[in-house]
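Start counting the sequence shown at 1; every next residue gets the next number (full-length UniProt numbering).
All C-beta atoms, glycine included, are put in the ideal place defined by N, C-alpha and C.
Since the structure is predicted, the reported quantities are computational estimates derived from the model, not experimental observations.
Comments concern the structure below.
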Amino acid sequence: MNPQNRQQNNYLYTQQQLSSSYSYTTLVPPTSINDFYDVVRIGSGSFAQVYRGYELINQRPVSYREVALKKINLAAIKDPATYKTTINEVRLFTNFNHQNIVKCFRSFEEISPLSQNKYLVLVLEYVNGGDLEILIRMAAAKSPFYGQKDNFQSLMQKILTAEYPPIPDDRYTPHLEALIVSCMHPIMNERPNAFTVYEVAEYMNGLWR
């Protein structure tokens with residue numbers, strides 16, 4: 001934690017201890033990634049690095065919340081249009097409030113004392129269990145939620161074996177039912193071509209004239 005924030009928070013904590021009736025404390029929001037506790041890097045991308053840390057949210061009783069810190073290197077974004085888009089997206093992100101969207105509590109800028117690069121830091125809700133890409137791959141190859149009932153692997157197996165629900169006996173004519181069955185044959189060369197399908201359709205159409 002930087003010296004200014006530490007001094008202010010320590011002062012508030014001291015005042016709280018001196019007065020038993022003092023039950024509410026307004027903390028100074030962090031202005032540097034160093035103001036968070038137990039910060040560990042958990043990922044990185046083209047322009048950003050992601051850390052996990054803990055933020056002090058209450059002095060009495062002392063309580064913390066686990067957060068993800070996305071540190072975007074603004075100096076690495078050379079294209080002006082990309083820079084503008086990034087800033088606008090962050091502004092929109094901080095206004096989102098939905099149960100299916102990771103919450104962005106706030107953002108702040110800081111200058112690296114070593115490189116003098118400007119960084120934009122997003123303070124995000126920490127969601128455990130890996131990133132979205134990993135979950136999508138798991139669900140596509142082998143769903144962790146529905147077993148073999150609803151996933152890409154099961155679908156491919158059904159396509160390869162031409163597995164489909166039974167055709168209702170009382171819904172189609174025998175000619176159309178036979179055509180459907182032949183079109184669903186698992187071996188491609190055993191299926192009728194477009195000309196054969198047309199001939200069968202013309203024949204069935206003639207039955208109703």
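Taken in chain order, the complete alpha helix (DSSP H) segments of 4 residues or longer contained in the region 43–101 are 80–95.
Look at the beta carbons and you see the region 125–134 not touching the region 77–92: under three pairs across the two are nearer than 8 Å. A straight-line Cα-Cα distance of about 22 Å links P186 and A201. According to DSSP, R106 shares a beta bridge with V123. The C-alpha of N95 is placed about 31 Å away from the C-alpha of S115. Excluding the 5 residues flanking it on each side, F195 has no same chain C-beta neighbour closer than 6 Å. The residue from A162, E163, L135 and L74 with its alpha-carbon nearest to that of S46 is L74. As summarised for the region 144–193, the continuous alpha helix (DSSP H) elements at least 4 residues long and confined to that stretch are 152–160 and 174–183, given in chain order. Between E125 and V102, the CB-CB gap stays under 8 Å.
Proximity to V123 across V181, K71 and N189 peaks at K71, based on C-alpha coordinates. With 16 or more other Cβ atoms inside 10 Å of its own Cβ, Y51 counts as buried.
Closest by C-alpha distance to S44, out of A68, C183, D38 and N58, is A68. DSSP, reduced to helix, strand and coil, places D38 within a strand of the structure shown. Per the C-alpha coordinates, the member of P30, R106, F36 and L27 positioned closest to G53 is F36. Looking at the backbone, the Cα of E163 and that of M188 are separated by about 14 Å. When only Cα atoms are considered, A178 and T86 end up about 58 Å apart. In this structure, E110 places its C-beta atom within 8 Å of the C-beta atom of S32.
Contact annotation: I180 and I159 have beta-carbon atoms that are not nearer than 8 Å. Beta bridge pairing from DSSP links I111 with K118.
Contact between P192 and C183 holds: CB atoms are separated by about 6 Å, below the 8 Å threshold. Here N128 carries a coil assignment [DSSP, helix/strand/coil].
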